[in-house]
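Same order as they appear, the protein sequences are chains C and P.
Position 232 of the first sequence, counted from 1, bears residue number 232 in the numbering used here, the numbering being contiguous throughout.
Every position in the second sequence, counted from 1, becomes a number in the numbering used here once 1000 is added.
C-beta: ideal position from N, C-alpha, C; glycine also.
Below: the structure, in structure tokens.
There are 2 protein chains.
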Amino acid sequence: MCELLGMSANVPTDICFSFTGLMQRGGKTGPHSDGWGITFYEGRGFRTFKDPNPSCRSRIAELVQEYPIKSCAVVSHIRQANRGGVSLENTHPFTRELWGRYWTFAHNGQLTDYEALDTGRFKPVGDTDSEMAFCWLLNQLEAKFPVLPDDLAPVYDYVASCCDKLRQLGVYNMLLSNGEYVLTYCTNNLHWITRRAPFGQASLIDEDVTIDFQKETTPNDVVTVIATQPLTNDENWHKMQQGEFGVFHFGELIHNRIL
Amino acid sequence: MCELLGMSANVPTDICFSFTGLMQRGGKTGPHSDGWGITFYEGRGFRTFKDPNPSCRSRIAELVQEYPIKSCAVVSHIRQANRGGVSLENTHPFTRELWGRYWTFAHNGQLTDYEALDTGRFKPVGDTDSEMAFCWLLNQLEAKFPVLPDDLAPVYDYVASCCDKLRQLGVYNMLLSNGEYVLTYCTNNLHWITRRAPFGQASLIDEDVTIDFQKETTPNDVVTVIATQPLTNDENWHKMQQGEFGVFHFGELIHNRIL
């Protein structure tokens, strides 16, 4: 299995604190030592840092922890390989273009009988169940919506119904973003928290680090963090239910579907 | 204009030396201060470091200079913006999937009347002439070869003829790679050098750094570096001609077409 970390914020915000917690699980406080990656959106563009080596001793992970890249949408993943070997092409997140936007995907779980999924023009490069599911999802979306409609509600609904199908193949916890929206799907492990004024303190579970968000934020900031398991031990994280689908937009949960 | 840097090698090789030279041109010894990027292939996978900030004072560029990522194919670019604003989505290199492989592209030059290029399903995300040209090229390739043939010779020829068309729109110096091959096209500024045993010393033009390649290599290493302008002042770089197209494979020039 793997761990996911996502962020949605209304102002460009760094994720150094949460990322520091997650990275410890990559071989130190957790067994997810088969690579890690993080994608930061800035406008329509993105940059991804990834490494097939364990995050807890990755020089690149150190840079990401120390160098505050500010973003409104982040998708991150640390991997414990099950389907597909340990290699860069199998390291999440995966990014592809659809409708003239970059879509970034990370998956926690394990699927069976995924080989028959029709990915159409979106051909997987690596050999994970996750990339296969992502390519299939994009192909489904493009077939259903050759042009992106102005009203995104039917698009959300369709993403949710595609995720429902993928869940029938196994465990499917997902983060998906185009830089503006962060979409989440839960089979069994996904939690989220929205931080807004009045901000308090929080302490990481995996590392002896405490942060005072009031010193790091302005009163109008709204920042949601999504993770497979809570990253702090003194805040109330929402646990998502089986089959729950969520859409976060600039920090706010704007759409939520519980089966 | 911009500067390009590429590498093709028969063993995973780091590019720290050449990259150090190039980065100085990003605001220090050269005017190319509108962002930079570098893509390293490892197997079928790749990782890209990029920054819309000047390379000569980029924390991420520092990491890339100090941390030897070993690769057989590298594409790098520093930008002086002409078409398209300074932003992450306009920062080269650009990477897209075709035929189940990631293709990475960087362009030096400036095109006119590029807006009418038909990019088909490969939709640009940013607003540069370069990304438009890349998307058009991929669309042409997919239309001509829906499945990648075993014999790549006709594919090379077609890439070359597409580049000839792009050159009619302006200055088009190009690097294109799928991690195994590095393809080059020259309108006016592209140089390359192949280093092999017996290895000697070389000194950067842009920074007071000298390297003894014999200490860094084994006798069987073959490493080609491609750059808009030579990076060292004590080696003989080949200058590519107008309309010249080259294919490098694991360090060797295996195909060359001069108009």
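Euclidean distance between Cα positions of residue i and residue j
i          : j          : result
PRO1093(P) : ALA1106(P) : 5 Å
VAL125(C)  : ALA197(C)  : 44 Å
VAL182(C)  : GLN110(C)  : 21 Å
GLU131(C)  : THR1210(P) : 43 Å
MET7(C)    : GLU252(C)  : 11 Å
GLU89(C)   : ALA61(C)   : 18 Å
GLN1080(P) : ARG257(C)  : 46 Å
GLU1066(P) : ASP208(C)  : 29 Å
LEU22(C)   : LEU5(C)    : 8 Å
PHE1122(P) : ASN1188(P) : 27 Å
GLY100(C)  : SER1203(P) : 43 Å
GLY297(C)  : THR1224(P) : For chain C, the structure presents residues 1 to 259; residue 297(C) sits outside this window and is missing.
CYS30(C)   : THR20(C)   : Going by the sequence as given, residue 30(C) is Gly instead of Cys. Whole-angstrom Cα-Cα distance: 13 Å.
LEU259(C)  : ASN1053(P) : 45 Å
ILE274(C)  : ASP212(C)  : Only positions 1 to 259 of chain C appear in this structure, which leaves residue 274(C) out of reach.
PHE40(C)   : ASP1051(P) : 12 Å
VAL1147(P) : CYS1162(P) : 18 Å
ASN233(C)  : LEU166(C)  : 32 Å
PRO219(C)  : ILE226(C)  : 21 Å
ASP1164(P) : LEU1117(P) : 14 Å
ALA143(C)  : LEU1098(P) : 18 Å
ALA1149(P) : GLY243(C)  : Sequence inspection shows Pro at residue 1149(P); the Ala mentioned does not correspond to that position. Each residue's Cα considered, the two are about 43 Å apart.
ASN1201(P) : ARG1195(P) : Just to set this straight, residue 1201(P) is Gln in the shown sequence, not Asn. In a straight line, the C-alpha of GLN1201(P) is about 11 Å away from that of ARG1195(P).
GLN1168(P) : GLN168(C)  : 53 Å
Cβ-Cβ distance between residue i and residue j below 9 Å
i          : j          : result
LEU138(C)  : THR112(C)  : no
TRP1103(P) : ASN1173(P) : no
PHE134(C)  : THR184(C)  : no
THR95(C)   : THR48(C)   : yes
LEU141(C)  : TYR158(C)  : yes
SER55(C)   : LEU231(C)  : no
Beta-carbon separation (whole angstroms), residue i vs residue j, contact threshold 8 Å
i          : j          : result
HIS1238(P) : ILE1193(P) : 7 Å
GLY1045(P) : THR91(C)   : 7 Å
ILE1038(P) : VAL1064(P) : 6 Å
ASP1034(P) : VAL1086(P) : 5 Å
LYS1190(P) : MET1240(P) : It should be pointed out that residue 1190(P) corresponds to Leu in this sequence rather than to Lys. Their Cβ separation, rounded to whole angstroms, is 4 Å, which keeps LEU1190(P) and MET1240(P) in contact under 8 Å.
ILE1078(P) : TRP1036(P) : 4 Å
Interface partners of residue i on chain P, CB under 9 Å
i        : result
ARG47(C) : GLY1037, THR1048, PHE1049, LYS1050, ASP1051, ILE1060, LEU1088 and THR1091
Contacts of residue i in chain P (Cβ-Cβ under 8 Å)
i         : result
VAL125(C) : ARG1044, GLY1045, GLU1097, GLY1100, ARG1101 and TYR1102
Residues that residue i contacts on chain C, provided the C-beta gap is smaller than 8 Å
i          : result
TYR1067(P) : ARG59 and ILE60
LEU1063(P) : ARG59, ILE60 and LEU63
Neighbourhood of residue i by C-beta distance below 7 Å, restricted to the same chain and skipping five residues each side
i          : result
PHE1145(P) : VAL1155
ILE1015(P) : MET1007 and VAL1074
ARG83(C)   : GLN110, THR128 and ASP129
GLU1042(P) : SER1071
ASN108(C)  : MET1, CYS2, GLU3, LEU4, ASN173, ASN189 and THR228
ASP151(C)  : none
HIS32(C)   : CYS2, GLU3, ARG25, GLY26, ILE78, ARG79 and GLN80
THR1217(P) : PHE1199
TRP1136(P) : LEU1117, ASP1118 and THR1119
ALA1153(P) : none
Neighbourhood of residue i by C-beta, 8 Å cutoff - its chain only, sequence neighbours within 5 removed
i          : result
PHE1250(P) : SER1008, ALA1009, ASN1010, CYS1072, GLU1180 and VAL1222
ASN236(C)  : ILE193
ALA1160(P) : TYR1185, PHE1245 and ARG1257
LYS1028(P) : CYS1056 and ASP1206
Contact test: residue i Cβ vs the ligand ADP heavy atom, cutoff 8 Å
i        : result
LEU22(C) : The model on display carries no ligand, and the ligand ADP is accordingly not part of it.
7 Å Cβ cut-off: residues of chain P touching residue i
i         : result
ARG121(C) : ARG1121
9 Å Cβ cutoff, residue i in contact with chain A
i          : result
LEU1152(P) : Absent here is chain A; the protein component of the structure consists of chains C and P.
Listed by chain order, chain C residues near residue i by CB distance under 7 Å
i          : result
LEU1176(P) : Under the 7 Å cutoff, chain C gives no residues; its nearest Cβ is about 17 Å from LEU1176(P).
Per-residue contacts from residue i into chain C (C-beta, under 9 Å)
i          : result
LEU1137(P) : Ordered by position in chain C, no residue passes the 9 Å Cβ test against LEU1137(P), which lies about 15 Å from the chain.
Spatial neighbours of residue i in its chain, beta-carbon cut-off 6 Å, leaving aside the 5 residues before and after
i          : result
PHE248(C)  : SER8, VAL182 and THR224
GLN1214(P) : PHE1199
SER1058(P) : ASP1051
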